[in-house]
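Undergrad:
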Amino acid sequence: MQDSFQRAASLRPVVVDGESPVKPRHNAFAANANASVSSNASANLADSDNAPAVRLLTDTLQEATRRNASDLHIEPAEHGWRVRLRIDGVLHEIPQPPAHLRDAFITRVKVLARMDIAERRVPQDGRLRIATSPGRVEDYRVNSLPTLFGEKLVLRRLDALPTDLSLDSLGLDSQQREAVDAAIRAPHGLVLVTGPTGSGKTLSLYCFLHMLNDEARNLCSVEDPAEIQLAGINQVSVREKAGLTFAVALRAFLRQDPDVIMVGEIRDDETADVAVKAAQTGHLVLSTLHTNDAPAAVARLIDIGVEPYNLAAALRMVTAQRLVRRLCVACRAPAQQSAAALRAAGFADDHLESWQPFAATGCEACHGIGYRGRVGVHQVMPVSDAMRELIVARAGTHELARLAQTERVGTLRDAALARVRDGTTSLAEALAATEVA
Numbered sequence: 207m208q209d210s211f212q213r214a215a216s217l218r219p220v221v222v223d224g225e226s227p228v229k230p231r232h233n234a235f236a237a238n239a240n241a242s243v244s245s246n247a248s249a250n251l252a253d254s255d256n257a258p259a260v261r262l263l264t265d266t267l268q269e270a271t272r273r274n275a276s277d278l279h280i281e282p283a284e285h286g287w288r289v290r291l292r293i294d295g296v297l298h299e300i301p302q303p304p305a306h307l308r309d310a311f312i313t314r315v316k317v318l319a320r321m322d323i324a325e326r327r328v329p330q331d332g333r334l335r336i337a338t339s340p341g342r343v344e345d346y347r348v349n350s351l352p353t354l355f356g357e358k359l360v361l362r363r364l365d366a367l368p369t370d371l372s373l374d375s376l377g378l379d380s381q382q383r384e385a386v387d388a389a390i391r392a393p394h395g396l397v398l399v400t401g402p403t404g405s406g407k408t409l410s411l412y413c414f415l416h417m418l419n420d421e422a423r424n425l426c427s428v429e430d431p432a433e434i435q436l437a438g439i440n441q442v443s444v445r446e447k448a449g450l451t452f453a454v455a456l457r458a459f460l461r462q463d464p465d466v467i468m469v470g471e472i473r474d475d476e477t478a479d480v481a482v483k484a485a486q487t488g489h490l491v492l493s494t495l496h497t498n499d500a501p502a503a504v505a506r507l508i509d510i511g512v513e514p515y516n517l518a519a520a521l522r523m524v525t526a527q528r529l530v531r532r533l534c535v536a537c538r539a540p541a542q543q544s545a546a547a548l549r550a551a552g553f554a555d556d557h558l559e560s561w562q563p564f565a566a567t568g569c570e571a572c573h574g575i576g577y578r579g580r581v582g583v584h585q586v587m588p589v590s591d592a593m594r595e596l597i598v599a600r601a602g603t604h605e606l607a608r609l610a611q612t613e614r615v616g617t618l619r620d621a622a623l624a625r626v627r628d629g630t631t632s633l634a635e636a637l638a639a640t641e642v643a
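If you count the sequence shown from 1, you need to add 206 to reach my numbering.
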């Protein structure tokens with residue numbers, strides 16, 4: 207693993223905005239891992255090319271880029287610290303960094319992110335920009351959190367976000383794609399994407415906006431925060447301390463002659479009420495919720511306080527989604543799964559033959575993980591007239607789910623098992639991603 211940092215030496219991060227170039231000379235994850243933690247952080251690293259903390263940060267960011275990590279976790283402990291990278295949704299620890307560089311490393315990040323290095327008692331947010339090669343600049347969103355043993359940092363690597371914003375990139379099957387395309391091209395209505403944190407909901411909304419983005423439409427979005435800058439779209443970031451909430455921004459959008467409104471998340475009754483009414487008055491509204499599946503989104507909005515008759519009139523489609531890891535095609539291996547295990551997972555008897563399941567093994571290409579990248583699995587539920595009647599009648603989630611099944615709306619588990627059948631993912635991954643608590 208330590209050699210992996212040296213193989214990334216072709217990337218030479220340079221600090222943007224007037225900072226001096228950083229010239230990595232050797233791997234900072236070398237010896238001294240057991241040295242004691244320095245009690246005094248060095249706050250004067252910006253001008254020191256040779257500082258070990260600078261080289262350590264360079265190595266760490268190089269490794270994050272090389273492995274396409276989405277987040278970096280810098281975690282202090284009682285006797286040292288550790289660095290973990292989130293790769294395809296799972297955290298992986300990298301070689302233990304030298305203990306005595308902990309405070310200097312954290313200070314270095316805070317300096318570059320324009321955070322207050324003297325303030326260690328409250329959380330802070332910052333933004334860090336690094337040029338990793340000529341013509342390539344990477345952005346990181348930085349958050350600090352005071353813990354028992356010092357400040358924990360999380361760096362969200364914004365350049366890890368996908369650049370392909372087509373509907374094809376989402377992993378929809380042909381029937382789902384057709385339904386989604388029809389819903390988001392409608393002149394008005396509410397389209398919801400549901401799922402847990404980290405399931406790709408916001409990326410799906412970005413794909414919808416990208417598809418609708420043309421000179422004939424006024425598109426507005428409010429997010430917390432805006433992670434991808436989209437040309438041609440009026441993007442607003444929530445600033446709750448200043449009074450700019452989702453609901454406040456949404457009300458302001460309605461005075462901006464909008465055609466399409468994207469609300470990053472419906473969190474409260476006020477936002478839900480304004481979003482539903484906007485969808486009823488000639489606007490297409492796109493948003494997200496945290497529910498296990500598509501039918502549960504209806505009950506969630508009614509619980510928040512939306513009147514069923516308003517929801518029935520406004521709601522056009524609900525999708526639910528998860529992300530499953532793709533098997534590494536270089537090392538995936540045939541898996542021996544019994545018919546009983548496949549049947550228990552949800553495969554029908556007529557789907558037990560004539561195909562081969564695969565399992566993860568691990569190789570150099572995937573860094574020993576067995577997976578490379580992720581793909582979405584979706585439940586797409588258009589809102590039919592029969593479903594509107596159930597919504598008005600305050601039907602429960604189970605009744606809505608039964609109706610959806612009769613209307614040939616597949617479940618998330620169905621979508622995940624389809625990815626097992628085509629060899630995209632393993633049965634273990636599909637079951638873990640679609641497990642319902």
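Note that beta-carbon positions come from the ideal geometry of N, C-alpha and C, so glycine has one too.
The structure presented is a predicted model; accordingly, all values stated were derived computationally and were not measured.
Enumerated in chain order, which unbroken segments of the beta strand (DSSP E) with a length of 3 residues or greater are wholly contained in the region 284-358?
TA: 286-293, 296-299, 330-339, 342-353
Undergrad: Compute the distance between the beta-carbons of residue 263 and residue 308, then report whether it is under 8 Å.
TA: For the purposes of this step, residue 263 is identified with residue 57 of the sequence shown, where counting begins at 1. For the purposes of this step, residue 308 is identified with residue 102 of the sequence shown, where counting begins at 1. Cβ atoms of residue 263 and residue 308: not closer than 8 Å.
Undergrad: Cutting at 7 Å between CB atoms, please list the residues of its own chain near residue 514, excluding the five before and the five after it.
TA: Along the sequence shown, read from residue 1 onward, the residue named residue 514 stands at position 308. So the list reads 508, 597, 598, 600, once near-sequence residues are dropped.
Undergrad: For residue 634, does the three-state DSSP call read helix, strand or coil?
TA: As a working mapping, residue 634 is identified with position 428 in the sequence shown. Residue state, collapsed to three classes: helix.
Undergrad: Could you give the first and the last residue of the continuous alpha helix (DSSP H) run that contains residue 426?
TA: In the sequence shown, the residue the question calls residue 426 occupies position 220. Per DSSP, residue 426 belongs to no alpha helix (DSSP H); it is in the beta strand (DSSP E), 425-429.
Undergrad: Within the region 367-427, note down every full alpha helix (DSSP H) run reaching 4 residues or more, in order along the chain.
TA: 380-390, 407-418
Undergrad: Using C-beta distances below 6 Å, list every residue in its chain close to residue 438, excluding the 5 sequence neighbours before and after it, in chain order.
TA: Stepping through the sequence shown from its first residue, residue 438 is reached at position 232. 419.
Undergrad: Start and end of the alpha helix (DSSP H) containing residue 619?
TA: In the sequence shown, counting from the first residue as 1, residue 619 sits at position 413. For residue 619, the enclosing alpha helix (DSSP H) covers residues 618-627.
Undergrad: Per DSSP, which residues does residue 525 bridge with? Please list them.
TA: The count along the sequence shown starts at 1 and reaches residue 525 at position 319. In the DSSP output, where bridge partners are listed per residue, residue 525 has 399, 586.
Undergrad: Starting from the C-beta of residue 256, find all residues in its chain whose C-beta is less than 7 Å away, skip the five residues before and the five after it, and write them out in chain order.
TA: Taking the first residue of the sequence shown as position 1, residue 256 is located at position 50. Reliability fails at residue 256, whose pLDDT of 44 lies under 50, so the model's placement of it is uncertain and no value is given.
Undergrad: Return the chain-ordered list of same chain residues with a C-beta closer than 7 Å to the C-beta of residue 423, the five sequence neighbours on each side being excluded.
TA: Here the question's residue 423 lines up with position 217 in the sequence shown. Cβ within range, chain order: 465, 466.
Undergrad: Is it right to say residue 559 is buried, meaning 16 or more other beta carbons lie within 10 angstroms of its own, or is it exposed?
TA: If you number the sequence shown from 1, residue 559 lands on position 353. The residue is exposed, with fewer than 16 neighbouring Cβ atoms inside 10 Å.
Undergrad: Is the beta carbon of residue 506 sitting closer than 8 Å to the one on residue 495?
TA: As a working note, residue 506 is residue 300 in the sequence shown. As a working note, residue 495 is residue 289 in the sequence shown. Contact: yes.
Undergrad: In this structure, does DSSP put residue 615 in helix, strand or coil?
TA: Taking the first residue of the sequence shown as position 1, residue 615 is located at position 409. Residue 615 falls in the coil class under three-state DSSP.
Undergrad: Residue 573 and residue 273 look like a contact to me (Cβ under 8 Å); what is the Cβ gap, rounded to whole Å?
TA: For the purposes of this step, residue 573 is taken as residue 367 along the sequence shown, with counting starting at 1. For the purposes of this step, residue 273 is taken as residue 67 along the sequence shown, with counting starting at 1. Going by Cβ atoms, the distance from residue 573 to residue 273 rounds to 6 Å, so yes, they are a contact pair.
Undergrad: Under 8 Å between the Cβ atoms of residue 529 and residue 411?
TA: By one-based count along the sequence shown, residue 529 stands at place 323. By one-based count along the sequence shown, residue 411 stands at place 205. Not a contact, by the Cβ cut-off of 8 Å.
Undergrad: Determine whether the beta carbon atoms of residue 471 and residue 499 lie at a separation below 8 Å.
TA: Counting from 1 along the sequence shown, the entry for residue 471 is found at position 265. Counting from 1 along the sequence shown, the entry for residue 499 is found at position 293. Contact flag unset, no.
Undergrad: Do the CB positions of residue 295 and residue 531 come within less than 8 Å of each other?
TA: Position 89 of the sequence shown holds residue 295. Position 325 of the sequence shown holds residue 531. In contact: residue 295 and residue 531 (Cβ atoms closer than 8 Å).
Undergrad: If we count the other Cβ atoms within 10 Å of its Cβ and call it buried at 16 or more, is residue 392 buried or exposed?
TA: For the purposes of this step, residue 392 is identified with residue 186 of the sequence shown, where counting begins at 1. So residue 392 ends up on the exposed side.
Undergrad: Look at the Cβ atom of residue 192, then the Cβ atom of residue 414, and state whether they are nearer than 8 Å.
TA: Within the shown structure, residues of the chain are numbered from 207 to 643, placing residue 192 beyond reach of any answer.
Undergrad: Take every Cβ of the region 319-334, pair it with every Cβ of the region 343-351, and state whether three or more of those distances are shorter than 8 Å.
TA: yes
Undergrad: Using beta-carbon positions only, say whether residue 407 and residue 281 come within less than 8 Å of one another.
TA: Numbered from its first residue, the sequence shown carries residue 407 at position 201. Numbered from its first residue, the sequence shown carries residue 281 at position 75. No, Cβ-Cβ distance for residue 407 and residue 281 is not below 8 Å.
Undergrad: Quick one: grab the DSSP three-state call for residue 497.
TA: Working through the sequence shown from its first residue, we reach residue 497 at position 291. It is coil, neither helix nor strand.
Undergrad: Leaving aside the five residues before and after residue 631 along the sequence, list all residues of the same chain whose C-beta is less than 7 Å from its C-beta, in chain order.
TA: Here the question's residue 631 lines up with position 425 in the sequence shown. If we look at residue 631 and ignore the five residues flanking it on each side, its Cβ neighbours are 530, 531, 532, 533, 625.
Undergrad: Using a threshold of 8 Å, state whether the C-beta atoms of residue 621 and residue 584 are closer than that.
TA: The residue given as residue 621 occupies position 415 in the sequence shown. The residue given as residue 584 occupies position 378 in the sequence shown. A contact, by the Cβ cut-off of 8 Å.
Undergrad: In this structure, does DSSP put residue 641 in helix, strand or coil?
TA: Translated into positions along the sequence shown, residue 641 becomes position 435. It is coil, neither helix nor strand.
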